[in-house]
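Worksheet: one structure, shown below.
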Amino acid sequence: MKTLLTISDLSICFDNGPKVVDQLSLSVERGQTVALVGESGSGKSVSALSILRLLDERHASYPSGQILYNGEDLLKANERRLRQIRGSHISMIFQEPMTSLNPLHTVEKQIGETLELHKGMRGPQARKRCIELLELVGIPEPESRLKSYPHQLSGGQKQRVMIAMALANEPDLLIADEPTTALDVTVQKQVLELLKSLQEKLGMAVLMITHDLSIVRRYADQVVVMEHGKQVESGPTGPLFSAPTTPYTRNLIESEPPAAPLPRSGNTDVVMTASHLDVHFTLRKTLFGKVRSSFHAVQDVSFELRRGETLGVVGESGSGKTTLGHALLKLIPSTGTFSLAGNELSSLSQKEFQPWRRRVQIVFQDPFGSLSPRMSIEEIIREGLEIHEPANRGQHEASVIRALKDVGLDPDARHRYPHEFSGGQRQRIAIARALVLQPDLIILDEPTSALDRTVQKQVIELLREIQARYGLSYIFISHDLAVVRALSHKLLVLRHGQIVEYGEAENLFRDPQQPYTRELLSAAFFYQSTTN
Amino acid sequence: MVALTPIQRRRLANFTANRRGFWSLWLFLILFGLSLCAELIANDKPLIVSYNGDWYFPVIQQVPEETFGGFLPTETDYRDDFISEEIERNGWMLWPPIRFSYDTINYNLDVPSPAPPSADNWLGTDDQGRDVAARVIYGFRISVLFGLTLTVASSIVGVAAGALQGYYGGKIDLFGQRFIEIWSGLPMLYLLIILSSIVQPNFWWLLGIMLLFSWMGLVDVVRAEFLRARNFEYVKAARALGLGNRNIMFRHILPNAMVATLTFMPFILTGAITGLTSLDFLGFGLPSGSPSLGELIAQGKANLHAPWLGVSAFASLAVMLTLLVFVGEAVRDAFDPRKN
Chain A
1 MKTLLTISDL SICFDNGPKV VDQLSLSVER GQTVALVGES GSGKSVSALS
51 ILRLLDERHA SYPSGQILYN GEDLLKANER RLRQIRGSHI SMIFQEPMTS
101 LNPLHTVEKQ IGETLELHKG MRGPQARKRC IELLELVGIP EPESRLKSYP
151 HQLSGGQKQR VMIAMALANE PDLLIADEPT TALDVTVQKQ VLELLKSLQE
201 KLGMAVLMIT HDLSIVRRYA DQVVVMEHGK QVESGPTGPL FSAPTTPYTR
251 NLIESEPPAA PLPRSGNTDV VMTASHLDVH FTLRKTLFGK VRSSFHAVQD
301 VSFELRRGET LGVVGESGSG KTTLGHALLK LIPSTGTFSL AGNELSSLSQ
351 KEFQPWRRRV QIVFQDPFGS LSPRMSIEEI IREGLEIHEP ANRGQHEASV
401 IRALKDVGLD PDARHRYPHE FSGGQRQRIA IARALVLQPD LIILDEPTSA
451 LDRTVQKQVI ELLREIQARY GLSYIFISHD LAVVRALSHK LLVLRHGQIV
501 EYGEAENLFR DPQQPYTREL LSAAFFYQST TN
Chain B
533 MVALTPIQRR RLANFTANRR GFWSLWLFLI LFGLSLCAEL IANDKPLIVS
583 YNGDWYFPVI QQVPEETFGG FLPTETDYRD DFISEEIERN GWMLWPPIRF
633 SYDTINYNLD VPSPAPPSAD NWLGTDDQGR DVAARVIYGF RISVLFGLTL
683 TVASSIVGVA AGALQGYYGG KIDLFGQRFI EIWSGLPMLY LLIILSSIVQ
733 PNFWWLLGIM LLFSWMGLVD VVRAEFLRAR NFEYVKAARA LGLGNRNIMF
783 RHILPNAMVA TLTFMPFILT GAITGLTSLD FLGFGLPSGS PSLGELIAQG
833 KANLHAPWLG VSAFASLAVM LTLLVFVGEA VRDAFDPRKN
């Protein structure tokens, strides 16, 4: 085997700041998969971008190091040479399929562009190659897809088109920057398996950047672990996973969420029931307000939730999970009935529902978007108190401090602004905002999806602890089944707005009845089962 | 002193960190403060008169000429030689540094007006023999007051209109936008010209008419910000907490729109000042005789052989507008939460 890419002692700085990447060394051999692993902010993506010199060099500089591609130092190459290499010898696929394709061009034009640039192919010849490539990445009926625009494709198909573009010139090295993070689990598995088979077929090397260790374990030959820009550990995958030498790596590997929720405390009273819940979205109306076409986002959903219990709601994107959560909070109108502790709520007006709001709270997915950036933490948390307990204003500060302590944050943090906190800390603040009202039920809408695995685990631990302490009920909405399993006593599987399966989580995970549930579970736990 | 929260303290620190804006604010405040006491700086009445052991304060009280041995029961003309000699003989007078008000005509000029700068008239006189320095001070004051009032009023109207359109969307937004499109098509200048043939436009008339049109500048930025922010998760979270629409708009979305508004504000302010100046320049502005920088520019244009007219007007406008823009930049920095 021959070494294709060697990075030695690479350091990267931005605007004379501290080193973002410090003394990184790795090598990729022909046909091999090397994984660059670390949490967000560890410098993985910056390192990957530096290989093709895609960083903005008005700000970025390389104080030390070499990037040797077939013996040629890319850090010394000129722009012309780099353009020859990019897309032809080394190509890259990005994390976000929604924004990595130009929405104004057809699939054919986007793939054809790289072909024309590097091979001078055009016309019928280029079209034939496009069809070949689309076939290669497993897009059905490639001829009819040539004229499609990105918005006409699903997320998985977009990522396949991205891969087709990257492979168009048969590169020696493919850099995949979190290629599946934005995709649903079932699609994630398909895309990764596709990459693996293509790699074997074409004999190219892959440098995979990811934070998901279960993927690494299955696909990578070599692993490089990074923390805060420094290389912590590297080596062949097997030994590294079985005997990690540094605590950081051990922590990463052991950050799998627990496999079962805490047991519930006996038979408690019912907190929330919903029956035959429906949500329609109006797509078009006639001039006189008559609905011409509508979209059925949630259909005929019923469930029952007891005190201290968690209902997991799972499904792929677009299955109506979030819509269901919003309907229960009356943030969007719905039909059907739901009640809280025996009180019928679905028929109440917004005004009548107002006092009930303190008993049902929500925590959102995006820790960056769910906190008002211009309010201090104290203002954010006490806002609910000001609405629901305007009388004892003097108690508010004490309540805020208690809520912050409950979620494991320093009470002094309350004078600061959200942007000074990390993603995990922000999610704790969002939980504190819900908790300070002492609700009966918290709807958790993908609260851990935007977090790193290790932080995810901490948040899950926190949620379990709070649930045990206050006897809270959760509705836990997520696409990540490993996380759902760690919290849920009951499970509701949604697909296209309809219930596929509903029952005790334990039974459902052990013995799913529906083929769709089975598929979902096998995709989610595929990586664990193949390696453990 | 009122205790500041850490947040306010940081905003203040951000503001002072912009040295240029910080010093511009001080300089502007000093100039504005001085111009507010214009009557004590440039006036044709003395500040204090001591006559036969009695004290008079002509700036704040009317003293008839009979008091000082004159013949008329009307207010004293202290610049009259007979009166001033009479007072000086039986007491003394304390004059402000500039012995002319904005409408005082200097009849003792050695040369035909406009007269060049001299020890008497520091910046010379205009073509009616009025002191330019006095007119600049009074003109500065009226420009700034007009600009500030118009900015505050049009910001309130514009932010409210933009907020309602952006937050509620739908029909309100649709009709509001069409109304603005039609309204902005109305020619403001012609309206003013027509109006000035019906009434004599004064400060408040001009303010009202310019307000009818100037509020639209902010609507688009504020509306865009509200359209964007109403679907933010923290706005949803606030609704889930049970917050009412008005509170959501004020507390959660408006602070976001405030940065856009504050960045626009210096431009509205300078726009208002230049608007008033240009109307005065064209002769459709404040009633004739009022101290106005626009009128001074018009005089400078009419009297090219008297450069002190144009130069004084230009310099005072340039200093005022520049200071305001620098202050505006510093204010914008202060409210930026991402700035440490």
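From first to last, the protein sequence lines stand for chains A and B. Mapping to this note's numbering: the first sequence position 284 is 284, numbers consecutive. Count along the second sequence from 1, then add 532; that gives the number in this note's numbering. No residue lacks a Cβ here, since even glycine has one placed at the ideal position from N, Cα and C.
is_contact[residue i, chain A] using C-beta, thresh 7 Å
i, result
"Leu563 of chain B", "no"
"Arg505 of chain B", "Given that chain B is displayed from residue 533 to residue 872, the structure contains no residue 505 of chain B and the question cannot be resolved."
"Pro649 of chain B", "no"
"His784 of chain B", "yes"
"Pro787 of chain B", "yes"
Cβ pair residue i, residue j closer than 7 Å
i, j, result
"Ile592 of chain B", "Gly679 of chain B", "no"
"Arg62 of chain A", "Leu75 of chain A", "The sequence shown places Tyr at residue 62 of chain A, not Arg. In contact: Tyr62 of chain A and Leu75 of chain A (Cβ atoms closer than 7 Å)."
"Arg543 of chain B", "Ala834 of chain B", "no"
"Gly308 of chain A", "Arg264 of chain A", "yes"
"Glu827 of chain B", "Gly553 of chain B", "no"
"Ile443 of chain A", "Gly325 of chain A", "yes"
"Phe614 of chain B", "Ala666 of chain B", "no"
"Val314 of chain A", "Val137 of chain A", "no"
"Ile637 of chain B", "Arg611 of chain B", "no"
"Phe600 of chain B", "Thr606 of chain B", "no"
"Gln365 of chain A", "Ser293 of chain A", "no"
"Leu814 of chain B", "Leu849 of chain B", "no"
Cα-Cα separation between residue i and residue j, rounded to whole angstroms
i, j, result
"Leu818 of chain B", "Ser728 of chain B", "10 Å"
"Ala545 of chain B", "Phe672 of chain B", "30 Å"
"Asp221 of chain A", "Ala205 of chain A", "11 Å"
"Leu743 of chain B", "Ile785 of chain B", "25 Å"
"Leu101 of chain A", "Ile800 of chain B", "40 Å"
"Asp406 of chain A", "Pro439 of chain A", "14 Å"
"Val271 of chain A", "Thr246 of chain A", "46 Å"
"Pro258 of chain A", "Ile215 of chain A", "18 Å"
"Pro512 of chain A", "Gln395 of chain A", "49 Å"
"Pro798 of chain B", "Asp812 of chain B", "21 Å"
"Ser687 of chain B", "Val851 of chain B", "24 Å"
"Ser88 of chain A", "Arg129 of chain A", "15 Å"
"Ala574 of chain B", "Tyr634 of chain B", "8 Å"
"Val753 of chain B", "Asp705 of chain B", "14 Å"
"Ile466 of chain A", "Leu472 of chain A", "7 Å"
"Gly163 of chain A", "Ile93 of chain A", "A small fix is needed here, since residue 163 of chain A is Ile in this sequence, not Gly. Looking at the two C-alpha atoms, the distance is approximately 6 Å."
"Trp558 of chain B", "Val857 of chain B", "13 Å"
"Thr323 of chain A", "Ser347 of chain A", "18 Å"
"Ile669 of chain B", "Ala570 of chain B", "7 Å"
Cutoff 7 Å: residue i Cβ touching any chain B Cβ
i, result
"Ile362 of chain A", "yes"
"Leu340 of chain A", "no"
"Gln354 of chain A", "yes"
"Leu521 of chain A", "no"
"Leu331 of chain A", "yes"
"Arg382 of chain A", "no"
"Arg292 of chain A", "no"
"Arg357 of chain A", "yes"
Integer-rounded CB distance, given that residue j should sit under 8 Å from residue i
i, j, result
"Leu521 of chain A", "Leu481 of chain A", "6 Å"
"Pro628 of chain B", "Leu579 of chain B", "6 Å"
"Tyr533 of chain A", "Thr114 of chain A", "With chain A covering only 1 through 532, there is no way to say anything about residue 533 of chain A."
"Val28 of chain A", "Leu4 of chain A", "5 Å"
"Gly701 of chain B", "Leu759 of chain B", "7 Å"
"Leu311 of chain A", "Ser488 of chain A", "7 Å"
"Ile332 of chain A", "Val279 of chain A", "6 Å"
"Val691 of chain B", "Leu750 of chain B", "6 Å"
"Ala770 of chain B", "Glu383 of chain A", "7 Å"
"Pro97 of chain A", "Lys189 of chain A", "Pro97 of chain A to Lys189 of chain A, Cβ: 16 Å. No contact."
For this session: Scan the segment 751-778 of chain B for residues whose Cβ lies nearer than 9 Å to a Cβ of chain A and list them as they occur along the chain.
Result: Listed by position along the chain: Phe764, Glu765, Tyr766, Val767, Lys768, Ala769, Ala770, Arg771, Ala772, Leu773, Gly774, Leu775, Gly776.
Exercise. When Cβ atoms are compared, which residues of the segment 387-421 of chain A fall closer than 7 Å to chain B?
Worked result: The residues in question are Ile387, His388, His415, Tyr417, His419.
For this session: Compile a chain-ordered list of the residues in the segment 363-374 of chain A whose CB is closer than 7 Å to at least one CB of chain B.
Result: Within the segment 363-374 of chain A, the residues whose Cβ lies closer than 7 Å to some Cβ of chain B are Phe364, Asp366, Gly369, Ser370, Leu371, Ser372, Pro373, Arg374, listed in chain order.
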